[in-house]
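Report on the structure given below.
Chains as they are written, first to last, in the numbering used here: chain A, 1 to 332; chain B, 1001 to 1294.
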């Protein structure tokens, strides 16, 4: 182990599968919370729906005529995501903002516990098996074991997964940018600032809030689908509320209501998390630090990242890409 | 000439009997039996009221008279427990506010609702009605809304010029002063090209110099043929600008009439100051002198 290894690990994680999953979910949250002001504390529910739809349809229901292939399963996953958004949104979006927060955080846990306790949906063991055969079959990269990019080294499947992940992200960023510069995006931002004012100007805010919830949910579900396909495994206890809070951390770190905010946030968050972990392990390994065990490094990195975030909130509360002038305004 | 229409509307009011619920020659807004109660408290109990088209009507009354609640009910921001009301001949009882705005009835708020983290220009553009680009699908195809957006932008600039906000067009609305926010809210409402503008306490927290310019703007709005209804506490303003005054107290309309006549009305004076305001507190009349309390 040396410093080069530490950096390589950190960089490969910052652009790796986990970062992509979090980034997709956070981009959805950016539309819901950053632009529209919807307090969705259950983004994990949308991610779980995506992962489990792929897991259940591809493994549990393998060979069923209902789900002939992965592409149809993805379509179903997205439809289920829309359905979930409607179930969460219809009763709450006419009410004050806090009701959505309560309902979504509960929904996230309900969904996880239902999956965990239903054997037909994997139960406590989760679902393991081939979930992305069709996806890996169309891998256009040449047949070779490793792909090296400078110090980074990927297997043939990994390089395909990561490439598709970032292409999807780029397309969704483009979509977000196009939506948010339009009059539709302006109405969303107006709702964030003051819903009643927007209603008094003749816009249906309920419809726009529902659209934002659905769209953001679909982004999260795409993250979940990507998770199942990339990791070929779906475990109920991966879908804990902390996931959503990490997404909020990433969003605020990068700068909310900025198209590239989630990207900057996710890159920095994952780079720091892995860099601190590997760096501490390195120092323990070469004897510089003697008061820590390698097993303590996992929790300590979160403590250090937490301190870093607190410093950021004190010295740059608007996030990396945010505009301080905007934050200084009285929002209400 | 719209100015003539306004003048006609105002002169027509001279023939109207100064009684609560009086029929107007050309009513734009008619409300009947509107009732709103919170538990046992009856906040609004209006038997009949008509708002004259093309005129400036003031709705006044002491604190707690139910003016704002009545306003909220009419504009769809609160639901009435009973009653019907219509706008330009169409029944709009308990209609959602965004539908009312599309019908040409737009309101402002007592606590200004400028959208702080949007620019002044974006605030204005948000006001424009019937925008294609506000549909989610059309929004990703700029060619469907670019031309419309350009027209709205030009219209917004003209309005901002008129309200002395043009220099601020690219600033965040949150950086405006309280008075400028009032102006912005009024200008934004005009982006909808409404038939009726409802202003909830337009003068609250505005300095005297700006008050004068706000009054001029309200008159201009009428001259263009738009009907104005406003709730206000400031009596000078009411006397100055309104063509007709409706007085509410304890949820009911207690008086109506031309401004000067209404302010001399004994019922109005009683409602504001209490029926016994000019009488001594005690029979002997000297118990309020210093020293008696010690």
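Glycine included, every Cβ here is placed at the ideal spot set by N, Cα and C.
What does a CB cutoff of less than 8 angstroms around residue i pick up in its chain, not counting 5 residues either side in sequence?
i, result
"residue 375 of chain A", "The structure shown does not extend to residue 375 of chain A, since chain A is modelled only from 1 through 332, so no value can be given for it."
"residue 1171 of chain B", "1119 and 1120"
"residue 1159 of chain B", "1124, 1187, 1190 and 1191"
"residue 157 of chain A", "136 and 139"
"residue 98 of chain A", "39"
"residue 326 of chain A", "318"
"residue 89 of chain A", "100, 209, 210, 213 and 214"
"residue 63 of chain A", "none"
Chain A partners of residue i, CB-CB under 8 angstroms?
i, result
"residue 1235 of chain B", "Chain A residues near residue 1235 of chain B: none, gap ~27 angstroms exceeds 8 angstroms."
"residue 1223 of chain B", "Result: empty, since nearest Cβ-Cβ is about 23 angstroms, beyond 8 angstroms."
"residue 1145 of chain B", "182 and 183"
"residue 1267 of chain B", "Neighbours of residue 1267 of chain B on chain A: none; closest Cβ ~33 angstroms, over 8 angstroms."
"residue 1149 of chain B", "183"
"residue 1087 of chain B", "Near residue 1087 of chain B there are no residues of chain A at all, since even the closest Cβ is about 14 angstroms away, more than 8 angstroms."
"residue 1192 of chain B", "201 and 202"
Pop quiz: residue i and residue j are said to be a contact at Cβ under 8 angstroms. What is the actual Cβ separation, rounded to whole angstroms?
i, j, result
"residue 319 of chain A", "residue 268 of chain A", "Actually they do not touch by this definition, with Cβ atoms about 10 angstroms apart."
"residue 129 of chain A", "residue 59 of chain A", "4 angstroms"
"residue 100 of chain A", "residue 29 of chain A", "Wrong, their Cβ atoms sit about 13 angstroms apart, outside the cutoff."
"residue 321 of chain A", "residue 254 of chain A", "6 angstroms"
"residue 1102 of chain B", "residue 1129 of chain B", "6 angstroms"
"residue 1211 of chain B", "residue 197 of chain A", "Residue 1211 of chain B to residue 197 of chain A, Cβ: 23 angstroms. No contact."
"residue 1015 of chain B", "residue 1043 of chain B", "That belief does not hold up - the Cβ atoms of residue 1015 of chain B and residue 1043 of chain B are roughly 32 angstroms apart, past 8 angstroms."
"residue 1107 of chain B", "residue 1198 of chain B", "4 angstroms"
"residue 273 of chain A", "residue 294 of chain A", "Rounded, the Cβ-Cβ distance is 16 angstroms, inconsistent with contact."
"residue 1048 of chain B", "residue 1021 of chain B", "4 angstroms"
"residue 1027 of chain B", "residue 1012 of chain B", "Contact flag wrong, Cβ pair sits at about 11 angstroms."
"residue 232 of chain A", "residue 9 of chain A", "Not a contact, Cβ separation roughly 22 angstroms."
"residue 1201 of chain B", "residue 1110 of chain B", "4 angstroms"
Excluding five sequence neighbours on each side, which residues of the same chain lie with their C-beta closer than 6 angstroms to the C-beta of residue i?
i, result
"residue 139 of chain A", "160"
"residue 1195 of chain B", "1104"
"residue 45 of chain A", "107, 108 and 111"
"residue 177 of chain A", "259"
"residue 1133 of chain B", "1139 and 1145"
"residue 1065 of chain B", "1248 and 1249"
"residue 217 of chain A", "46, 81 and 85"
"residue 1288 of chain B", "Its pLDDT being 49, under 50, residue 1288 of chain B is placed unreliably by the model, and the measurement read from it follows with that caveat. None."
"residue 331 of chain A", "Reliability of the predicted coordinates at residue 331 of chain A is poor, the pLDDT of 45 falling under 50, and no value is obtained from them."
Residue i versus chain B: which residues are under 9 angstroms apart at the beta carbon?
i, result
"residue 211 of chain A", "1136"
"residue 187 of chain A", "1126, 1131 and 1134"
Can you pull the chain A residues whose beta carbon is under 7 angstroms from the beta carbon of residue i, in chain order?
i, result
"residue 1097 of chain B", "199 and 200"
"residue 1102 of chain B", "202"
"residue 1131 of chain B", "183"
"residue 1122 of chain B", "186"
"residue 1199 of chain B", "Per Cβ cutoff of 7 angstroms: no residues; residue 1199 of chain B is ~12 angstroms from chain A at best."
"residue 1036 of chain B", "Per Cβ cutoff of 7 angstroms: no residues; residue 1036 of chain B is ~18 angstroms from chain A at best."
"residue 1163 of chain B", "The premise fails here: residue 1163 of chain B is roughly 16 angstroms from chain A at the closest Cβ pair, so nothing lies under 7 angstroms."
Can you pull the chain B residues whose beta carbon is under 7 angstroms from the beta carbon of residue i, in chain order?
i, result
"residue 301 of chain A", "Under the 7 angstroms cutoff, chain B gives no residues; its nearest Cβ is about 34 angstroms from residue 301 of chain A."
"residue 178 of chain A", "1140"
"residue 324 of chain A", "Ordered by position in chain B, no residue passes the 7 angstroms Cβ test against residue 324 of chain A, which lies about 12 angstroms from the chain."
"residue 190 of chain A", "1115, 1118 and 1126"
"residue 193 of chain A", "1115, 1116, 1117 and 1118"
Looking only at its chain, what residues have a beta carbon closer than 7 angstroms to the beta carbon of residue i, apart from the 5 residues adjacent to it on each side?
i, result
"residue 1293 of chain B", "A caution first: residue 1293 of chain B carries a pLDDT of 42, below 50, which makes its placement in the model unreliable, though a value can still be read off. Excluding residues within five positions, none has a Cβ falling inside 7 angstroms."
"residue 55 of chain A", "122, 127, 131, 228 and 234"
"residue 418 of chain A", "This structure gives no information on residue 418 of chain A, because the portion of chain A shown stretches from 1 to 332."
"residue 23 of chain A", "169, 262, 263 and 266"
"residue 1241 of chain B", "1056, 1215, 1218 and 1219"
"residue 1063 of chain B", "none"
"residue 1009 of chain B", "1026, 1052, 1053, 1054 and 1055"
In chain B, which residues lie with their C-beta within 8 angstroms of the C-beta of residue i?
i, result
"residue 175 of chain A", "1140"
For residue i, return the contacting residues in chain A, with the cut-off set at a CB-CB distance below 9 angstroms.
i, result
"residue 1188 of chain B", "197 and 201"
"residue 977 of chain B", "Here chain B covers residues 1001 to 1294 and nothing more, so residue 977 of chain B does not appear."
"residue 1077 of chain B", "196, 199 and 200"
**OP:** Could you tell me which uninterrupted alpha helix (DSSP H) segments, each at least 4 residues in length, are contained entirely in the region 1172–1207 of chain B, listed from first to last along the chain?
**Re:** Here the runs fully enclosed are 1178–1190.
Original post:
Is the region 1131–1143 of chain B close to the region 180–193 of chain A, with three or more CB pairs under 8 angstroms?
Top reply: Here the region 1131–1143 of chain B makes contact with the region 180–193 of chain A; the two share three or more CB pairs at distances below 8 angstroms.
Subject >> Touching by the beta-carbon criterion (3+ pairs, under 8 angstroms), the region 1083–1095 of chain B and the region 1251–1259 of chain B >> reply: No: fewer than three Cβ pairs fall under 8 angstroms.
**OP:** State whether the region 1217–1227 of chain B contacts the region 1048–1057 of chain B, with contact taken as three or more CB pairs (one from each stretch) at a distance under 8 angstroms.
**Re:** Cβ pair count under 8 angstroms is three or more, so yes.
Original post:
Are at least three pairs of beta-carbons, each pair with one atom in the region 73–89 of chain A and one in the region 33–53 of chain A, less than 8 angstroms apart?
Top reply: Judged by Cβ distances under 8 angstroms, the region 73–89 of chain A makes contact with the region 33–53 of chain A, as three or more pairs qualify.
Subject >> Three or more C-beta pairs below 8 angstroms linking the region 1178–1190 of chain B and the region 1116–1135 of chain B >> reply: In short, these stretches touch, since the Cβ pair count reaches three.
Subject >> Validate contact between the region 1236–1245 of chain B and the region 1257–1277 of chain B using beta carbons, cut 8 angstroms, 3 pairs >> reply: A contact exists between the region 1236–1245 of chain B and the region 1257–1277 of chain B.
Original post:
Three or more beta-carbon pairs under 8 angstroms between the region 200–211 of chain A and the region 91–99 of chain A, yes or no?
Top reply: As far as the Cβ criterion goes, the region 200–211 of chain A touches the region 91–99 of chain A, which means the pair count is three or higher.
Original post:
Are the region 1026–1040 of chain B and the region 1266–1281 of chain B in contact at 8 angstroms, needing three or more beta carbon pairs?
Top reply: No, the region 1026–1040 of chain B is not in contact with the region 1266–1281 of chain B.
**OP:** Would you mind listing the alpha helix (DSSP H) stretches within the region 1086–1141 of chain B that are 4+ residues and don't spill past its ends, in chain order?
**Re:** Counting only runs of 4 or more, we get 1097–1103, 1120–1127 and 1136–1139.
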